[in-house]
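Residue numbers (full-length UniProt numbering): 1 to 137. Every residue, glycine too, gets a C-beta built ideally from N, C-alpha and C. Accompanying notes for the structure given below.
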């Protein structure tokens, strides 16, 4: 039962802070028992960093969509429309990634490992052996 600080944003996202009190179960300095309890919570009224990035990128997506619609009406900028469309697709993928990160509860670059990432796949080398004398294949 180690106690940690916690930061909590208005959107419900939280982040663990520094360790404040170590329990008696763990004797080594700097090690924790694995059970995190809240020592104190700091409430933030504003949006978290992921929400800020989401709103910024969403405004940029809206601007690109309106630009593309305006350029299509003009009809004289096919290369610009194509380049902006490609940039728009990349930006929409980035927005989706931020949304999934926010739903997963991760913040500031911390990443939870999925089942595929947890265990790296090891390719085993299969070596064919020669059959012994008199052994059938």
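* **Nonlocal neighbours in the same chain, by C-beta distance under 8 Å from residue 68, ignoring five residues either side** => A distance below 8 Å between beta-carbons, with the five flanking residues on each side excluded, links residue 68 to the following residues of its chain, in chain order: 81, 84, 85 and 88.
* To do: Could you check what DSSP says for residue 1 in three-state terms: helix, strand or coil?
  => Of the three classes helix, strand and coil, the one that applies to residue 1 here is coil, per DSSP.
* To do: Using a threshold of 8 Å, state whether the C-beta atoms of residue 13 and residue 41 are closer than that.
  => Their beta carbons are not under 8 Å apart, which means residue 13 does not touch residue 41 by this criterion.
* CB-CB length for residue 33 against residue 1, believed under 8 Å -> Correct: roughly 7 Å between the Cβ atoms.
* In terms of residue numbering, what span does the alpha helix (DSSP H) encompassing residue 41 cover? -> Not the alpha helix (DSSP H): residue 41 falls in the beta strand (DSSP E), residues 36 to 44.
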